[in-house]
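Asker: Heads up: the sequence shown at position 19 corresponds to 25 in the numbering used here, and the numbers run straight through without jumps.
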Amino acid sequence: NALARQGSGTPVKITEDDLVVHDTEYATSCATVVLVDMSGSMTRYGKFGAAKRVALALQSLVRTRYQGDWLQVVGFYTYASPLSERELLNAAPKQVSIFDSRVHLRIDLDHPPGFVPEHFTNIHAGLQFARRLLRRQAAQNRQIILITDGEPTAHVEGRQLVLIYPPADKTARLTLSEAKRCADEGIHVSSFALIEDYFYMGLVNFVEQLAQVTRGVSATCNAQDMGNMVVQSFVGGRRVRRRA
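1) Evaluate M44 with the Cβ neighbour count: other Cβ atoms within 10 Å of its Cβ, from every protein chain shown; 16 or more gives buried, anything less gives exposed.
2) Count the other CB atoms within 10 Å of the CB of P99; is the residue buried (16 or more) or exposed (fewer)?
3) For T114, does the three-state DSSP call read helix, strand or coil?
4) Candidates C188, T127, V195: which alpha carbon is nearest V241's?
5) Reducing DSSP to helix, strand and coil, say where A131 ends up.
6) Should E93 be labelled buried (16 or more other beta-carbon atoms within 10 Å of its own) or exposed?
7) Assuming the contact rule is C-beta atoms closer than 8 Å, I113 and L180 should be a hit. Round their C-beta distance to whole Å, please.
8) Here's the rule: buried if 16 or more other CB atoms are within 10 angstroms of the residue's CB, otherwise exposed. What is F105?
9) Would you mind listing the beta strand (DSSP E) stretches within the region 86-113 that are 3+ residues and don't spill past its ends, in chain order?
10) Considering only their Cβ atoms, is the gap separating V68 from L139 smaller than 9 Å?
11) Is the region 205-217 touching the region 231-241 in the sense that three or more CB pairs, one from each, lie closer than 8 Å?
12) Skipping 5 residues on each side, what residues in its chain have a beta carbon closer than 6 Å to that of A57?
13) Please go through the same chain and pick out, in chain order, the residues whose beta-carbon is closer than 8 Å to the beta-carbon of R141, but skip the five residues on each side of it.
14) Would you kindly check if the distance between the Cβ of E184 and the Cβ of H130 is under 9 Å?
15) Where does F121 land, buried or exposed, given buried means 16+ other C-beta within 10 angstroms?
16) Assuming D231 and R165 make a contact with CB atoms under 8 Å, what is their CB distance in whole Å?
17) Opposite E163 in the DSSP bridges: which residues?
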């Protein structure tokens, strides 16, 4: 099911009461990967700072309230890499390093050149990395929470990294196929599209397609409203109803 919402722009403070909903009715362990966009556009309008605060809040929530859970934050940009809590605190979006109006680059991952622009949006690599991490977890529930502000502009083909701008249909198809692979392995996927500085129909359409292929959730929001929405999705994704 797809869920869409345009934020009001009014700052929202996340309190302890916002973080737990009917916890006594649902008791199960959950493994979660939070995919945080670190591409160049996340520098604008406080988007990365808001995403970082939400990820840190989820880490704190698991540590204090859901101690049987497992949670890993993964930053994705041209590549995808896990972030410890300390690394997340110090993380920042990748600076835009090329300004060509059209880009089509192939990078040999086994023999990369000295310079690789890192500011692209590789949701494909993020989903691949998350699926491999979650495959190792024995938790009853597994979920991916994706926070992004752009369509995918990079993907992986075998041992090659492909960077394409403007966004290409092939990148979108491969990314959606990877998202479906996650869902087929029983992983719940929630996608949050940050549309802080413009209403980007291409991005909205993409996260709605993600929700369709994964039978998951998509939402559009601004940085201020994102916090409560992500936390509610996290709590909802870790629930399993008891059999009657």
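All residues carry an ideal CB built from backbone N, CA and C; glycine is no exception.
Answerer: Walking through what the data contain:
1) For the purposes of this step, residue 44 is taken as the residue at position 38 of the sequence shown. Its Cβ being crowded by 16 or more others within 10 Å, M44 is buried.
2) One-based indexing of the sequence shown puts residue 99 at position 93. With 16 or more other Cβ atoms within 10 Å, it is buried.
3) The count along the sequence shown starts at 1 and reaches residue 114 at position 108. Checking the sequence, you will find Asp at residue 114 rather than Thr. Strand at D114.
4) On the sequence shown, residue 241 is found 235 positions in, with the first residue counted as 1. Considering only alpha carbons, the answer is V195.
5) Translated into the one-based positions of the sequence shown, residue 131 becomes position 125. Correct three-state label for A131: helix.
6) As a first step, residue 93 must be located in the sequence shown, where it is residue number 87. So E93 counts as exposed.
7) If you number the sequence shown from 1, residue 113 lands on position 107. If you number the sequence shown from 1, residue 180 lands on position 174. Between L180 and I113 the Cβ distance is about 16 Å, and since that is not below 8 Å, they are no contact.
8) Along the sequence shown, one-based indexing puts residue 105 at 99. Counting Cβ neighbours within 10 Å, F105 comes out exposed, since fewer than 16 surround it.
9) 86-89
10) Against the sequence shown, residue 139 aligns to sequence position 133. Against the sequence shown, residue 68 aligns to sequence position 62. Not in contact: L139 and V68 (Cβ atoms no closer than 9 Å).
11) no
12) As a working note, residue 57 is residue 51 in the sequence shown. Excluding positions up to five away in sequence, the list reads V42, I153.
13) Working through the sequence shown from its first residue, we reach residue 141 at position 135. Here the set comprises E191.
14) Walking along the sequence shown from the start, residue 130 turns up at place 124. Walking along the sequence shown from the start, residue 184 turns up at place 178. A contact, by the Cβ cut-off of 9 Å.
15) Here residue 121 corresponds to residue number 115 of the sequence shown, with the count starting at 1. It counts as exposed.
16) Here residue 231 refers to the residue found at position 225 when the sequence shown is read from its first residue. Here residue 165 refers to the residue found at position 159 when the sequence shown is read from its first residue. The pair is not a contact, with the Cβ atoms about 40 Å apart (cut-off 8 Å).
17) The count along the sequence shown starts at 1 and reaches residue 163 at position 157. Answer is Q166.
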